[in-house]
Structure formats: structure tokens, C-alpha cells
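**Student:**
Residue numbers (the UniProt record's numbering): 1 to 138.
(1) Measuring straight from C-alpha to C-alpha, what distance separates residue 148 and residue 22?
(2) Once you ignore the five residues that flank residue 119 on each side, which residues in its own chain have a CB closer than 7 angstroms to its CB?
(3) Note the first and the last residue of the continuous beta strand (DSSP E) segment covering residue 20.
(4) Taking the straight line between their C-alpha atoms, what separation do you get for residue 31 and residue 93?
(5) Three-state secondary structure (DSSP) at residue 46?
(6) List the whole-angstrom C-beta distance separating residue 18 from residue 50, where the pair is believed to meet the contact cut-off of C-beta under 8 angstroms.
(7) With C-beta atoms as the reference, is residue 56 less than 8 angstroms away from residue 74?
(8) Would you tell me roughly how many angstroms separate the C-alpha atoms of residue 33 and residue 78, rounded to the nearest one?
(9) Determine the burial state of residue 52: buried for a count of at least 16 other Cβ atoms within 10 Å of its Cβ, exposed for fewer.
(10) State yes or no: is the C-beta of residue 126 within less than 8 angstroms of the C-beta of residue 13?
(11) Grab me the residues of residue 82's own chain with a C-beta within less than 6 angstroms of its C-beta, minus the 5 sequence neighbours each way, in chain order.
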């Protein structure tokens, strides 16, 4: 079970290109999640985030305050409503097994994993890599 004061990885999956954004957050408190998400939106640009679907965790309750983005919440105990992100989280577990502390994980390690995932061919993209597909969309 995850503790609220433990570091975590917030993952965002772009729906069409399957591009992953991975952000290390120091804890799972609502204010921390909100700030990390708002900072990520500011870094990438609001137009990259037309809509976001969250699971129904209490840490995401205040995220509906994000302006300019359509916010959806999956039903409780319905991970299939966020299937793309759940699949990406499964791929992430190859690098960071569930239960492993993320305290010592560095930004460089996270960026390397994000790059590895975004350079991995995906069947859903007809075996293109998300990074290539994303460039085609731009």
C-alpha cells in the first residue's frame, strides 16, 4: 500500500501518440499533485492537455481546479476506463517495480525511462514509436 508521504511517479499519457510524461512528486498529497500537474501543463503548454482523465483517488479531488483543461474522473475500481495509462504504468514497472522506494530515483533516471518508453515501438501505432508519431502529429 502506498503511503501519502512517500515519493511517487505521476504519469501522463498522450492519447493519440502514446507519448509518456513522467514526473516524480515528493508525496501524494492533493496540493503536491495539483502543483506538479499545473507545472507540467505550464512546461508543455495547455493546448497539449485538452482533457485529462484521473482515477478517483482523493489526491486528485482538487485537480478539477485546473483551468483550460477538460477534467474527467474514472469510476471507482474501474482501471479499464484509463486503459492507455494503465498499460503505460505496466511498462513503467519494468524499470520501477511496485513496492520499490522512489526516494533515490533521480531526474536523470526518470528522463532515461521516459525516453526509453517514448522510443519503444507500439502495436497500437502500427509499430511506430510514440516519439515519431508525435512528430508526425505536430
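Note that beta-carbon positions come from the ideal geometry of N, C-alpha and C, so glycine has one too.
Owing to the predicted nature of the structure, the values given are computational and were not obtained by experimental measurement.
**Tutor:** Straight from the coordinates:
(1) There is no way to answer for residue 148, as the model of the chain reaches only from 1 to 138.
(2) Excluding residues within five positions, the ones whose Cβ falls inside 7 angstroms are 129, 131.
(3) 20-25 is the extent of the beta strand (DSSP E) around residue 20.
(4) Between the alpha carbons of residue 31 and residue 93 lies a gap of roughly 25 angstroms.
(5) Helix, per DSSP.
(6) In this structure residue 18 is not in contact with residue 50, their Cβ atoms being roughly 16 angstroms apart against a cut-off of 8 angstroms.
(7) Taking 8 angstroms as the Cβ cut-off, residue 56 and residue 74 qualify as a contacting pair.
(8) Our two residues, residue 33 and residue 78, have alpha carbons roughly 21 angstroms apart in a direct line.
(9) With 16 or more Cβ atoms within 10 Å of its Cβ, residue 52 is classed as buried.
(10) At a Cβ-Cβ threshold of 8 angstroms, residue 126 and residue 13 do not count as neighbours.
(11) Around residue 82: 53, 74.
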